[in-house]
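The structure appears right after this line, and notes come after that.
Numbering (full-length UniProt numbering), first residue to last: 1 to 211.
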């Protein structure tokens, strides 16, 4: 018998007469009562309230908006699965922007990430009721670290991925994947109730919502 099996057997023996766990009621709201337009409006309102910069554009205009936001930026990092078409305008603007790609084959170090000015990712879903954007580590979102170390995060979110309530978002996410939940730029008011931004993550959050 292995040490693990021994430990598990002891736990089972200790719990053999434990009372049955009560059934947790699941009568809370688990689906949206809003239209897509209402969800979009609510999410934009929440994000602006959280001091994020929000831009709602047609999907075809994503490359132009991204290039506009990155004007004057020296370097960015992107996950290896970010759609190429989103970066197309950056490649033709004649500037000197350096694009670092983080991938399983070439993982950027913390020092590398600390030296870039911004990160650009997609998003898995967003909850309009709470103003929360969720990343799940998919190829177009990348490792958690790339969205936490750079001082600026530009996140592209498809409007069809906006849900109203948290249970809807949870149902869309794979529980075993590393997740990052974002509600505005990183900030804390722990010290003397003075708001300080950029303490635990990006100081600036730009959200491009694609219609």
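Yeah, the Cβ is synthetic: ideal placement off N, Cα and C, and Gly gets one too. It should be emphasised that the depicted structure is a prediction, and the values quoted were computed from it without experimental measurement.
Exposed unless 16 or more other CB atoms sit within 10 angstroms - verdict on residue i
i, result
"residue 153", "buried"
"residue 133", "buried"
"residue 7", "exposed"
"residue 39", "buried"
"residue 36", "exposed"
"residue 102", "buried"
"residue 182", "buried"
"residue 23", "exposed"
Short Cβ contact (8 Å threshold) for residue i with residue j
i, j, result
"residue 159", "residue 82", "no"
"residue 123", "residue 61", "no"
"residue 99", "residue 78", "yes"
"residue 88", "residue 63", "yes"
"residue 135", "residue 86", "no"
"residue 90", "residue 69", "no"
"residue 42", "residue 129", "yes"
"residue 121", "residue 172", "no"
Presumed contact (8 Å Cβ cut-off) between residue i and residue j, rounded CB distance
i, j, result
"residue 208", "residue 57", "6 Å"
"residue 165", "residue 186", "About 24 Å separates the two Cβ atoms, so there is no contact after all."
"residue 137", "residue 167", "Residue 137 to residue 167, Cβ: 21 Å. No contact."
"residue 203", "residue 151", "5 Å"
Top-ranked residue by Cα proximity to residue i, from the options
i, options, result
"residue 147", "163, 180, 188", "180"
"residue 119", "176, 141, 128", "141"
"residue 143", "168, 110, 128, 172", "110"
"residue 149", "16, 201, 84", "201"
"residue 115", "167, 74, 4, 15", "74"
"residue 139", "175, 80, 195, 172", "80"
"residue 131", "24, 15, 205, 4", "205"
"residue 76", "113, 41, 196", "113"
"residue 96", "20, 72, 84", "72"
"residue 29", "189, 18, 163, 11", "163"
"residue 289", "176, 197, 193", "Nothing can be reported for residue 289: it is not among the residues displayed for the chain, which extend from 1 to 211."
Residue i: CB within 7 Å of a non-hydrogen atom of the ligand GDP
i, result
"residue 208", "The ligand content of the structure shown is nil, which means the ligand GDP is not present either."
Open item on the list: Between the segment 36-51 and the segment 95-109, can you find at least three pairs of beta-carbon atoms closer than 8 Å?
Closed with: With a cut-off of 8 Å, the segment 36-51 and the segment 95-109 do not count as touching, because too few Cβ pairs lie within range.
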